[in-house]
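Going by UniProt numbering, the sequence shown opens with residue 1, and the numbers climb by one from there.
The structure appears below as C-alpha cells.
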Amino acid sequence: MADQRTSTSGPAPNSPEGYDSSLLPDFDHEFLSYEDLIAFANALSAPEHSPSTDDLTSPTALSGNDGTNSFSGERSKSRESLFITAQNDWAPIHPPRKTSRKKKGTRKPRRSRDETREGYLYSLLKWPLLGVVGAWVFGLGISYLFTRLYIWLYENFVAWRGKRERLRRKLQGAETYADWVRAAKELDRFLGNDKWKEDDAFAYYDYKTVRRVLDQMKRSRRKVEAEERGILNGTGGKRRAIQELKALVEGCVKSNFVGVENSRLYSQTYYGTKNLVQQFIEEVERGVKILIDTNELGPEEKRTLFKRLHTNFGRTALCLSGGATFAYYHFGVVKALLDADLLPDVITGTSGGALVAGLIATRTNEELKKLLVPALAGRIDACSESITVWGPRWWKTGARFDTLEWAKKCSWFTRGSMTFREAYERTGRILNVSCVPADPHSPTILCNYLTSPDCVIWSAVLASAAVPGIMNPVVLMMKTRDGTLAPYSFGHKWKDGSLRTDIPLKALNLHFNVNFSIVSQVNPHINLFFFSSRGAVGQPVTHRRGRGWRGGFLGSATEQYLKLDLNKWLKVLRHLELLPRPLGQDWSEIWLQQFSGTITIWPRVIISDFWRILSDPAPKQLARMLHVGQQSAFPKLQFIAHRMKIERLVDQGRNENRLGFRRGSIESILSADDLKKLLKKNGEETENPSATEEDTDLGTTGDEDEDVKGEALEIAMAAKMKV
C-alpha cells in the first residue's frame, strides 16, 4: 500500500511520450452518436406538459416531446402558439403580452409574496440593513486579507530560514512519491519529529487502549500461528485461538477506533505518525488476513463477520469539487492516488469535478495511467470559441456556451452515452454526480447507479456544470431498453450542483456508508479562506518545531475570529432574506455549505489561473497542474494508506463469501431470504433459482432503498413466472 514506485505503467508526465496524443486510448474516437444528440436536442426544446391534461406514464409525456426532430423545424403552428420555452435560466417562460402599456416604475417582482415576510418594517429596513451588513462584511474581508498577508510574511521570512528552507525546497521539487518520502523523512529528522513518533503518549487518541489491544492481538495471532504449525496441539485448539482473534478484530475494526484516525496524529510530521499507531494498523491487517484465510470459521460465520466489519468501518470516497478550469488540478490528485494504488471505489464530482470523475469512473486503471498525461489537453477544448462567437450567443440566450456542443465534447470523457450502471459494471467504481433542479425550492439529487442507474453520465455532467450565465439548465437523459435516449424525470431541467451541494457527504453516507472522505477542493472563491492554524495532514506548523500556531497564537486567533464573524454575517443575510438574487439565483449556499472532508487536499493555484478560469489549458499548463495536484496529495497518502489497508481487506472478505453474481446485479444487493420475503408479501412464497443460501448475503453496503427493493420485487416475480 502507498506504492513508492518512481513511475507508472503509462508514459512519464515530463517525457516526450507524455506529450504524444497518439498514445492516448481512443483519442480520436468520437463516442456520441448523431441519434443521441438529436434526442438530446429534442428534449431541450420540448415544451413543458401540463400535469392536469397529460398522462405522465405515456411515452410521449415521459420523453418530453412529440417525436419530431427539432433540427428539421417541422413543429406544428398550433403547438408553437400554445407553448414557448424559456430562453435562459432567468428569462420568463411565457412571452410578454402586448396589451396595455405598463406604468412607469412597475415591474415583475423577483420573488412572490410567500417567499418573503412582507410588511412595512421589512420594506423600510431591508436596504439599510443590507448596506450596513454589507459594509461590515467588506471591512472584515479587507482585515482578513491583511491578516493572511501578515501570516504569510511571518512564515516565509521568520519561520523558513537556513537549512529548513533548503529542505523544504527539496521537498516541493520532488517529482515522484518515492522522492517526496525521502525528502520528508530528512526534514522530519532535522526537526526532531522522530522523537515524537517514538513517544506513545498524545492527547488526541487513547494510546493506552491501543497499546493494550495491540499486545492482546499479538498474543492471539501467535497462538493461531503456533496451532497451524502443530506446536500447541491439545492446549485449547485452534478454534479457540481463532475466536479470540475474531473478537479482538471485531472490537477494533471501527471507524476512528479510540482516535487512531484523528487527523492530528498525522499533522505533527511530514511523513507518518506515531510508531504505536503504525504497529497497530499492521497488526490489525495481519489479523484480518488470518480471518479471511482460516478454515475454522464457516461460510455463514465469515459472511456475518465481514458484514458487521464493513458496516462498522465504513467506506472511503473521493470527492472532486467544482471550480471551472481549476478542476483540472484534480487530474494530478487522481494520478497520485492511482500511482500509489489508493484510488477509492466511490467517487463523486460536481461541476468541473464531475467531468474529471466521469473520466475516472468510465476508464480502467490501465487506461487512466495512459490518459493522465499532458497530451490529454488535446481533448480539453470546451472553451475554444472566440468572443465573436460566444458574445452574441450570451447576449441572445444568456449562456456563454452552447449546450449541444458541450454534449459532444463531454461525451468523450464519459465514453459516449454510458449510464451510471454501465460504468459501474465496467470499472467497479461508483460514480456520483450532484445536480440541482432549476426550481430553486426542490431538493438536489445525487445521480449514481442506485438512484438513477439508466441516467446517461454526460447529461448529468452537463447539468452539474450548468452555472447560470455560463450554460442554461439542461434535461437529464436516460437510456431505454432498446438503447435509445429519452428524457429523465419527466423532462425537468437541472443545473449546477455546486450551487448547493459541492461535497455531498450526507448523501454518500446514506447510500454507500461513506464515513471517510478525501476532498480535492479547488473552488476559487473559498481557496483563500482555507487555513489550518495547527497544521494539516503531512504539513505541520512551520515554527516551534511543529508545536506552535501558524503566524503565532495572535495571528491564528485573529484569522479564526475574522473568518467566523464573516460566516456569521453571511448567515444573517441569508436567514433575513436580505440578499438580492442576480440571474434569479440564490447564491448564499456557495459560501455557506460544507467544503471540506476528513482529508482535504488544496492544490496551490497561481494568480494567472484566475485570468484563465474559463479557458482551456495548453499541454504545458496541464503538466504543471498535474505536478501541483500530485504534490498536494503526497502528504496525505500515508494517512489514506492506513485507512485503505483495512477497508480493502474487509471488502475482500465480503467478496470472497458472495461470489457468483454479476457486478451491480440485484442478487449482489439482496439475499435469497429477502427475495422470499418479497414474494410472501405478494401472497405466494417461492425460491429464487439464481441465488442460494451459500453464495448470497444481505447487502449491507448502505445502498438499499425503496427503488432497489421495488426492482427486487419485479425480478422475483419474473423468476416465479419462469418456475
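Ideal Cβ positions, reconstructed from N, Cα and C, are used throughout, including at glycine.
Residue i versus residue j: straight-line alpha-carbon distance, rounded
i	j	result
histidine 492	alanine 438	8 Å
glycine 535	tyrosine 270	10 Å
leucine 32	tryptophan 127	50 Å
phenylalanine 401	tyrosine 561	40 Å
glycine 428	histidine 642	22 Å
glycine 287	valine 249	7 Å
glycine 353	leucine 24	21 Å
arginine 308	glycine 251	11 Å
isoleucine 347	phenylalanine 420	12 Å
glutamine 261	valine 514	Note that residue 261 corresponds to glutamate in the displayed sequence, not to glutamine. Whole-angstrom Cα-Cα distance: 15 Å.
tryptophan 549	serine 533	6 Å
glutamate 685	glutamate 300	Model confidence at glutamate 685 stands at a pLDDT of 44, short of 50, so the residue's coordinates are unreliable and nothing is read from them.
serine 76	aspartate 616	Any reading at serine 76 needs caution, since the residue's pLDDT is 39, under 50, leaving its predicted position unreliable; the model's value is listed next. In a straight line, the C-alpha of serine 76 is about 41 Å away from that of aspartate 616.
aspartate 565	arginine 574	14 Å
serine 459	leucine 37	11 Å
aspartate 345	serine 556	37 Å
methionine 530	alanine 377	A small fix is needed here, since residue 530 is phenylalanine in this sequence, not methionine. Near 28 Å, if we compare the C-alpha coordinates of alanine 377 and phenylalanine 530.
glycine 416	leucine 485	12 Å
proline 603	glycine 597	15 Å
cysteine 435	alanine 361	17 Å
glutamate 175	threonine 304	45 Å
arginine 168	tryptophan 494	46 Å
From the options, residue whose alpha carbon lies closest to that of residue i
i	options	result
glutamate 405	Leu637, Lys396, Val389 and Met625	Val389
methionine 644	Asp194, Tyr150, Ile457 and Phe313	Phe313
alanine 203	Ser263, Val224 and Val249	Ser263
histidine 330	Val522, Asp616 and Ser21	Val522
serine 220	Lys246, Tyr207 and Asn275	Lys246
aspartate 28	Lys223, Phe413, Arg308 and Ser489	Phe413
serine 45	Asn472, Asp616 and Leu129	Asn472
valine 461	Arg415, Tyr154, Asn527 and Ser351	Ser351
aspartate 502	Tyr424, Ala324, Ser411 and Lys218	Ala324
tyrosine 154	Gln652, Pro47, Leu579 and Thr542	Thr542
glycine 332	Glu225, Arg169, Glu656 and Phe634	Phe634
serine 608	Pro524, Trp587 and Pro392	Pro524
arginine 612	Phe157, Leu554, Ala327 and Thr403	Ala327
valine 158	Ser517, Glu559, Gly551 and Leu614	Gly551
leucine 476	Asp26, Ser22, Ala39 and Ser15	Ala39
Local Cβ density within 10 Å of residue i, reported as buried at 16 or more and exposed below that
i	result
aspartate 199	exposed
alanine 466	buried
glutamine 594	exposed
tyrosine 177	buried
arginine 189	exposed
lysine 238	buried
valine 373	buried
alanine 623	buried
threonine 364	exposed
histidine 627	buried
glycine 141	exposed
asparagine 42	buried
tyrosine 120	exposed
alanine 336	buried
asparagine 156	exposed
arginine 547	exposed
proline 16	exposed
glutamine 658	Note on residue identity: the sequence assigns arginine, not glutamine, to residue 658. Per the 10 Å Cβ criterion, buried.
Own chain residues within Cβ distance below 6 Å of residue i, not counting five before or after
i	result
tyrosine 266	Thr273, Val537 and Phe639
threonine 600	Val519 and Gln521
isoleucine 380	Asp616
glycine 64	Low local confidence applies: a pLDDT of 42 at glycine 64 is under 50, so the model's placement there is unreliable, with the coordinate-based value given in what follows. Taken in chain order, the residues that qualify are Ala43, Ala46, Pro487 and Gly491.
For residue i, the residue or residues it bridges with in DSSP
i	result
threonine 494	The sequence given here places tryptophan at residue 494; threonine does not occur at that position. Answer is Pro437 and Val474.
proline 540	DSSP, once it has assigned bridges, lists no residue as partnering proline 540.
glycine 349	Leu320 and Val433
lysine 620	Beta-bridge pairing links lysine 620 to no other residue.
isoleucine 601	Ser520
Cβ neighbours of residue i in the same chain (closer than 8 Å, five flanking residues each side left out)
i	result
leucine 171	Trp180, Ala183, Ala184, Leu187 and Tyr270
glutamate 285	Lys645, Ile646 and Leu649
lysine 218	Glu283
Cβ shell of residue i (< 7 Å), same chain only, five flanking positions each side left out
i	result
lysine 195	none
glutamate 589	Leu499 and Arg500
glutamate 296	Lys238, Arg239 and Ile242
tryptophan 569	Val133, Trp136 and Val137
heavy atom of the ligand PLP below 6 Å from residue i C-beta
i	result
proline 299	Among the ligands in the structure shown, none appear at all, so the ligand PLP cannot be discussed.
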